[in-house]
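Encoded as structure tokens, the structure appears first; notes follow it.
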Amino acid sequence: NSNAATITLWALASEAAELETPSIFRYVESEGWVELGNQFNDIDGEYIYVQADTPGFSNFLIAKEGEAPTAITLSDFSAHVS
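Structure below.
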């Protein structure tokens, strides 16, 4: 696919501690959350990093491998952006 790209997402390790194997999910309007899998997982003590190939851009999130979210809550993260 000529539109494919590799994305890397990160999350606070303390918030992702319950994820045994983190995976990236992409939201597709007609399908809901589609698992992209992961090519690379790393943790540096403070953050976890997950990488996957995507066929296009959309909304992405990190969730437990094999467990697509059925609903999400978006919080106002503007306080975390400087």
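Heads up, the sequence shown is in our numbering, so the first residue is 207 and it goes up one at a time.
No residue lacks a Cβ here, since even glycine has one placed at the ideal position from N, Cα and C.
Original post:
Since Asn247 and Val256 are thought to touch, with beta carbons under 8 Å apart, how far apart are those beta carbons, to the nearest angstrom?
Top reply: The residue labelled residue 247 in the question sits at position 41 within the sequence shown. The residue labelled residue 256 in the question sits at position 50 within the sequence shown. Asn247 to Val256, Cβ: 6 Å. Contact.
**OP:** Give the DSSP-derived three-state secondary structure of Gly243 in the structure shown.
**Re:** The count along the sequence shown starts at 1 and reaches residue 243 at position 37. It is a strand residue.
Subject >> Separation of Phe231 from Leu267, as counted between CA atoms >> reply: As a first step, residue 267 must be located in the sequence shown, where it is residue number 61. As a first step, residue 231 must be located in the sequence shown, where it is residue number 25. Those two C-alpha atoms are separated by around 5 Å.
Original post:
What's the C-alpha gap between Ala211 and Thr276?
Top reply: Residue numbering aside, residue 211 sits at position 5 when the sequence shown is read from its first letter. Residue numbering aside, residue 276 sits at position 70 when the sequence shown is read from its first letter. Cα to Cα, the separation comes out at about 25 Å.
Original post:
Who are the Cβ neighbours of Glu224 in its own chain at under 8 Å, not counting the five residues just before and after it?
Top reply: Taking the sequence shown and counting its residues from 1, the one referred to as residue 224 is at position 18. Only Lys270 meet the Cβ criterion.
**OP:** Evaluate Ile249 with the Cβ neighbour count: other Cβ atoms within 10 Å of its Cβ, from every protein chain shown; 16 or more gives buried, anything less gives exposed.
**Re:** By one-based count along the sequence shown, residue 249 stands at place 43. Under this definition Ile249 is an exposed residue.
**OP:** Have a look at Asp259, Glu226, Ile254 and flag the residue whose alpha-carbon is nearest the alpha-carbon of Glu273.
**Re:** The residue labelled residue 273 in the question sits at position 67 within the sequence shown. Nearest of Asp259, Glu226, Ile254 to Glu273, Cα basis: Glu226.
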